[in-house]
Structure formats: C-alpha cells, structure tokens
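Written out below as structure tokens is the structure these notes cover.
Number of protein chains: 2
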Amino acid sequence: MKAFEIGERKIIDIIWSILEKDNHLLDQVLPHPDDASAIKLNDHYILLKTDMLVRKTDIPKGMRMEKIGSKVIVMNTSDMISKGAKPLAFLYSLGIPRNFSIKKLKSIIIGMSKKAKDYGIKILGGDLGEADDLIISGFLIGISKRIIKRSGANIGDIIATTGRFGNTSASYKILLEGFYAPRNLRRKICKSIYEPNAKINFLSICDYVTSSMDSSDGLAYTLNELSKSSNLCFKIYNIPIAKEAIEFAKLNSLNPEELALYGGEEYEIVFTVKKDKWNEVLEIAKNKKFEIIKIGEVFPGRGVFLVKNSKEIEIPYKGWEHFK
Amino acid sequence: MKAFEIGERKIIDIIWSILEKDNHLLDQVLPHPDDASAIKLNDHYILLKTDMLVRKTDIPKGMRMEKIGSKVIVMNTSDMISKGAKPLAFLYSLGIPRNFSIKKLKSIIIGMSKKAKDYGIKILGGDLGEADDLIISGFLIGISKRIIKRSGANIGDIIATTGRFGNTSASYKILLEGFYAPRNLRRKICKSIYEPNAKINFLSICDYVTSSMDSSDGLAYTLNELSKSSNLCFKIYNIPIAKEAIEFAKLNSLNPEELALYGGEEYEIVFTVKKDKWNEVLEIAKNKKFEIIKIGEVFPGRGVFLVKNSKEIEIPYKGWEHFK
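For the record, the sequence lines run as chains A and B. Residue 774 is where the first sequence starts when you use my numbering, and the numbers rise one by one after that. Residue 774 is where the second sequence starts when you use my numbering, and the numbers rise one by one after that.
What follows is the structure, encoded as structure tokens:
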C-alpha cells in the first residue's frame, strides 16, 4: 500500500497507533489531535510545535524567497498562539539542493529572521543538509500558564474568528485553475498566500478563550474539529468572507461561501468565548486595533450548521489533505 | 553562487551573520557553535536540538527502515546528552514521496518509537508532508540544571571518550569504495552505521565533565573544536581505535589511526574531566557498565597533537562537510 492510496489523515492514525503501543501518548497534557504538543514544567506549560514546508507542495509559484522564510515562522506561530502560548524560541532544519543559489538562501533566512523578530521569537539555531528540493522544517517552543485546547467550548459560547476567509481559495483558483481577476484585485487576493501572517494579537484576548484552533486546514474543517472536540453543536450565522473573495466570486459566478469554507492556509484563529465576556474581548481587540468577528454560537448536540433564512444546512467535515 | 561552491560551514556562517543582525544571537545561553541550543527558565535550562536525516545523503544503502527511524532519535539524543541534559520529549517532521510504502513508513515509526522509549523520551507529535525523498527532521527538548559547553576545559584536565572509533570510516570504505572484509568482520564493522546508538549513560558522569561534544563530525574535528573552544592545547596519547577497525586496516594496508580520526557519524561523546576526579568517574562508569577511555590531557597553548614516540604530530582540523 502506498501513501497516496490512503491519504494524510489515515497515515497519521497509523503513526499514532504505533506510538500509543509504546505509551508515548500516555498522560499527554495536550493530546493528539491538537495544534501543538506540551509538557508541564513546574507551574508552566512548555508548548512545542513543528511544521514543515516543502517547495513542491506547500509553496505557490511566484512566492518570493523572503516570504517563504517568513511563512515557516507564520505556520508554527499560528498553531502556537492558538493554544494561548507565547512563542519564545525557534529552530530550523533546512534542506537545500547542491546547486541551490546562495542569494536565494540569504533571502529565505532574512525573511525568517525578520518575521521571528516581529513576533518576539529568537532563532537559536538549526540544521543544514542536502536535499533534492527546498525543505524547511520549523520547530517552535513557547510558554504559557494555561493551555487553550480544541475542546473546552461550552453551551452558549460565542464562536468567533480573527479575520475573514476566502482569499486563499480564490488565489488557488487564479493560480492553479486559471480563473480571472483584474490586476488590482488579483494582487490583493494573492497577498493572502504570498504574504501570510499569524494573528499574534490573539494572545491579548486568550485569557477569555474557552477553545480554539488555527484555521490552516480550512474554516469548515476547523469548525467541525472544534465542535467534535467539545462534543457540541456549532451554529454559524455569519460566514466571515473577505470582501475581495466576494468580488472575485461575483466576477466568476462562484459561491463566495464555498470559497470561505473550503480554503486552507489561512492563518486565522477560530475560537469560542463565554457570552458574557464577549464585549470585554471586543474592547481589548478594538484597543489593540485588530479585528475579531462573531460568527455563531455553541448549542447542545453535534455537528456544524449554517443557519440561513431560518434553515439549518450542515457544513461538512472536509478540508485539505496531503497525498490525496 | 551555488551551495556546493562554498560548502556547509560557510553557508552556516552566512546564516548566522543574518541572524546576528536581527539580534537573535544576543544573550544566548549556549551560543553558536555548540551541539544544541538553550533557554533559561527559572532555575532550569531547556535544551533544544534539531537534526535532519535525508535518505539520499545521510542513510547508507542497506540500512533497515526501523534503524532509519531510530537513527533520528540517536542523532538528536547524542547532541543533547553531550550538553548534560536529560532528553524529555521529541517531535518529528516527516516528508515522504506520494508513492512511499506504508509498510516502510510503519517500520520507520516503530524504530523511532522504540528507541525513544529506550532513552526515556516521549514522542509528543509531529508533522507529515509530501516530499521527493524520505526526509525526517527530529526536534528534541531536554532539561538540565547545568549546561556542559564545548568550552570549559582546564589545563591538566583528562581528555576522554565514551567509546572507540574507526568502524564508521571502515564501513564507508566497504560500502562506497569496495574495500574488502570477511563476512563476520564486515557485519561487526557495519553495525556502527546500520545500528547507531547514543551513549545515554554519559548522563551519569556529566556532573564531573568540564567540556564535551558529540563526535558525529569525526574525532579529529571534535578534538579540534573542543581545543579551540577552550583556547587550550589538546595532547592525545592514545587514539581509541575499535579492534574491528584495526583488523580491517591490517587486511587492507590502511592506517587505522586515520580511520579513527577522520570518520564521522560516530555517536560517541568526547569530553574533559578534572584530573583528580578521573578515578571517581571511572568508578561510576564501571558500576553502570559502560566504557570510558582516557586518551589525552589538556595543556596551555593551541591545537591538537598526537604524542607518539616522544614526537608531537598535529592532528588537523578537518571533518565531514555537506555540499562539498
């Protein structure tokens, strides 16, 4: 049997079943699946995250080298902050081909270095090796007094996001499927994949958050994962769609909600907050000048539903998967 | 300019000069170059290490999948323990081709899982992605009250190793250059590269160690790096050569000392100990049933010298380098 025949999620299940036999999963502070791993040390949690970038599969054509470097920081940081942990230190494992240009390599490191500095992360070291293709693995360590899990939502909680969705799907439609967008719109849309950013400001509200997850597998997948983890029903009243994605959808007769739900590589945080704390959270976000958007509410039951014209339509549990 | 035109060490220098500009290297507890990185947290040090394995360049032909998995643990553990830190938790970043066999993947994970368990390390999680070639990046976190640096040796210290050298060089001569060894000898020699092991018992003596380094870049390189880091002269009276390497050298008219000095991928620890503590250290090693070998002594001055028939021959600063 080959990897592509069973897909990423089944492969991960196989890996975890092996690790389980050797008791690696016993007493884990932040058990699989969650956005990061953790160990407890005295009265702190040490959070650990690794995320790998492979040129062929994870880097869109036309992305600048500097932005590739910064993306490795973004990917790892987004998962780390979604657990409420302040990222501290970063290590890289860098694989490059023998004939890789040193100029390109410099740009990658400059991008990595700058973005880490922006987020208050120190790059402490790494490993360099020879590979057939450009591969960058990032390892991030962070610290927190409390961990926000994927589970933890309560009935009545507000469901919210740190931003709007749909531009990454639109970018892939433009770049891979030849869909049309006028130059200016195209530039704005593609910024979502060429210049990704982690919502580091989320840390300022995370004391109020009951559950959360990074949305890089897509909004629909993220909502379903959160709902399943808390064993509760998520009702969505308002899909947070980027205005550029709406304009692009209109131009191409596409459904903007589909673009927003089934994207991926959007480094937004999807989270829940106790209803009576929402205004307080909104106030903090306003003061810190970042957007948070109320999109729904948690109910008893199962599944994720879009409530529209008093009908409830199920939002299916699907998202991006490697090898498929 | 291309990577192979300047080689691994110069590339690393370029990377570090960029990181330096953004202050990533400021106030580092364990500054570059050393075997691992570290941050201080209350009264503990958190040690961090990443090491990457690429099938094409780092895995000898004929190595079993299970041993490839265990090698990733060994590589990272060896560096971690050489700094005196107890390894705690491990994350992997695994890149595999689309058509990679699931059976092989399982074997890799089984090897990784078992070896981690042997060393008391918990595998907490990881990342899985698509790559052209098998690539495994390991990320290890450990903890210690005190860090053993590469610098730290004093005049009069004993220089020692946790084992004997030469078998990995001999293996590569057999596998890559077609040198001869009878079947039984060949099997024993090649075990050094097919079934590497980290000297985890080193942790039991590390309170007495003044400086140390993992020897995976070769014995000559490691001794020179230690001597340079402490700004002292290392005089070697006894090169610790594996008896199989001696036999192999005799059969092929090779110099066994050369095999021992310029190998690599030997996961031994090279370390220094205060002279008056040597017998105590020897006693601990005897009780814990592992070998440590006295090979020389630290003197004022610079460089590494082999003392032989009252002559001093300089041991040059060379070792394995990627891209060259």
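C-beta: ideal position from N, C-alpha, C; glycine also.
Residue i at chain A interface by Cβ criterion, 8 Å
i	result
residue 823 of chain B	yes
residue 843 of chain B	no
residue 929 of chain B	no
residue 820 of chain B	no
residue 855 of chain B	no
residue 749 of chain B	Here chain B comprises residues numbered 774 to 1097, so residue 749 of chain B is not present and cannot be evaluated.
residue 810 of chain B	yes
residue 883 of chain B	yes
Environment of residue i [buried if 16+ CB atoms lie within 10 Å]
i	result
residue 953 of chain A	exposed
residue 1085 of chain B	exposed
residue 1099 of chain A	Outside the displayed range of chain A (774 to 1097) lies residue 1099 of chain A, so it cannot be described from this structure.
residue 928 of chain A	exposed
residue 1052 of chain B	exposed
residue 786 of chain A	exposed
residue 1091 of chain B	exposed
residue 799 of chain A	exposed
residue 930 of chain A	buried
residue 774 of chain A	exposed
residue 778 of chain B	exposed
residue 849 of chain B	buried
residue 856 of chain B	buried
residue 860 of chain A	buried
residue 844 of chain A	buried
residue 1087 of chain B	exposed
residue 998 of chain B	buried
residue 821 of chain A	buried
Within chain A, partners of residue i - CB distance below 9 Å
i	result
residue 1077 of chain B	None at all; the shortest Cβ gap to chain A is about 25 Å.
residue 827 of chain B	868, 902, 903, 904, 905, 908
residue 879 of chain B	787, 788, 791
Contacts that residue i makes with chain A (C-beta to C-beta distance below 8 Å)
i	result
residue 970 of chain B	Result: empty, since nearest Cβ-Cβ is about 18 Å, beyond 8 Å.
residue 914 of chain B	812, 819, 821, 914
residue 784 of chain B	875, 878, 901
CB contact below 8 Å: residue i versus chain B
i	result
residue 780 of chain A	no
residue 866 of chain A	yes
residue 1043 of chain A	no
residue 774 of chain A	yes
residue 814 of chain A	yes
residue 862 of chain A	yes
residue 952 of chain A	no
residue 920 of chain A	no
Per DSSP, cross-strand counterpart(s) of residue i
i	result
residue 977 of chain A	BP columns for residue 977 of chain A are empty, so no partner.
residue 987 of chain A	A:1042
residue 926 of chain A	None; residue 926 of chain A has no bridge partner.
residue 825 of chain B	B:910
residue 1006 of chain B	B:1072
residue 1078 of chain A	A:1008, A:1087
residue 934 of chain B	B:1043, B:1066
Where residue i meets chain A, residues with beta-carbon distance less than 7 Å
i	result
residue 899 of chain B	823
residue 1025 of chain B	Per Cβ cutoff of 7 Å: no residues; residue 1025 of chain B is ~29 Å from chain A at best.
residue 795 of chain B	886, 887, 890
residue 830 of chain B	902, 903
residue 1096 of chain B	871, 903
Interface partners of residue i on chain B, CB under 8 Å
i	result
residue 990 of chain A	Correct list: empty, because the minimum Cβ distance to chain B is about 13 Å.
residue 872 of chain A	775, 776, 777
Within-8 Å CB hit, residue i to chain D
i	result
residue 791 of chain B	Included in the structure are the protein chains A and B, with no chain D among them.
7 Å Cβ cut-off: residues of chain B touching residue i
i	result
residue 895 of chain A	797
Any 3 or more C-beta pairs closer than 8 Å across the segment 930 to 949 of chain B and the segment 1026 to 1040 of chain B: yes
So, do the segment 901 to 912 of chain B and the segment 803 to 820 of chain A have three or more beta carbon pairs nearer to each other than 8 Å? no
Quick one: any contact between the segment 886 to 897 of chain B and the segment 878 to 886 of chain A, if contact means 3 or more CB pairs under 8 Å? no
For the segment 1001 to 1020 of chain B against the segment 1061 to 1077 of chain B, do three or more pairs of beta-carbon atoms, one drawn from each stretch, fall closer than 8 Å, so that the two count as touching? yes
If you pair each beta-carbon of the segment 961 to 969 of chain B with each one of the segment 990 to 1007 of chain B, do three or more pairs fall below 8 Å? no
Assess, as a yes-or-no matter, whether the segment 819 to 827 of chain B is touched by the segment 789 to 799 of chain B under the definition of 3 or more beta carbon pairs within less than 8 Å. no
Per the contact definition of three or more C-beta pairs closer than 8 Å, is the segment 975 to 987 of chain A in contact with the segment 1052 to 1063 of chain A? yes
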